[in-house]
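Asker: Can you keep this structure in mind? I'll have questions shortly.
Here it is, written out as structure tokens:
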């Protein structure tokens, strides 16, 4: 089975034994721990994927906003090296969140039953 670039290593390929259980476990790790209290999200992985997508997209937006304002907001309260360290953390965290959001979208697509098809020109999956 073809898995597109960005497919999370922790999630088994769609159709394999326990693949949805691995998807649920991985998705639950991508959201706040309180989400584990909602049985409906474990019973309906697609609902969990949708909520995870929204949560992570909001985190991407918050990281971008935080990066834009951190230097100005913190420069009078932190030493310059600490401000730079905060900005470096944002520079690492932002791309990680973007990759996570893309992976969640792939898992959500698979949970919808949409197959991944490798393009002949090698440019990635067709949806």
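Residue numbers (the numbering used here): 206 to 332. C-beta atoms are modelled at their ideal positions from N, C-alpha and C, and glycine is treated no differently.
#1: Within a Cβ cutoff of 8 angstroms, which residues of the same chain sit near residue 251, ignoring the five residues on either side of it in sequence?
#2: Suppose the cutoff is 7 angstroms on Cβ atoms and the five residues either side in sequence are ignored; what does the same chain contact list for residue 217 look like?
#3: Work out the CA separation of residue 280 and residue 324 for me, nearest whole Å.
#4: What first and last residue would you give for the alpha helix (DSSP H) that runs through residue 284?
#5: Reducing DSSP to helix, strand and coil, say where residue 237 ends up.
#6: From which residue to which residue does the alpha helix (DSSP H) around residue 279 run?
#7: Counting pairs of beta carbons, one from the region 298-307 and one from the region 257-269, are three or more of them closer than 8 angstroms?
Answerer: According to the data block:
#1: Start at 1 with the first residue of the chain shown, and residue 251 comes out as number 46. Around residue 251: 313, 316, 317.
#2: Here residue 217 refers to the residue found at position 12 of the chain shown. Within the same chain, 223, 224, 227 come within 7 angstroms of residue 217 by CB-CB distance, once the 5 residues on both sides are set aside.
#3: As a first step, residue 324 is located in the chain shown; it is residue number 119 there, counting from the start. As a first step, residue 280 is located in the chain shown; it is residue number 75 there, counting from the start. So the alpha carbons of these two residues sit roughly 48 angstroms apart.
#4: Here the question's residue 284 lines up with position 79 in the chain shown. It is not in any alpha helix (DSSP H) - residue 284 carries neither H nor E in the DSSP assignment.
#5: Numbered from 1 along the chain shown, position 32 holds the residue referred to as residue 237. Reduced to three states, the DSSP call for residue 237 is coil.
#6: Position 74 of the chain shown, counted from the start, is the residue given in the question as residue 279. 250-279 is the span of the alpha helix (DSSP H), which, as asked, contains residue 279.
#7: yes
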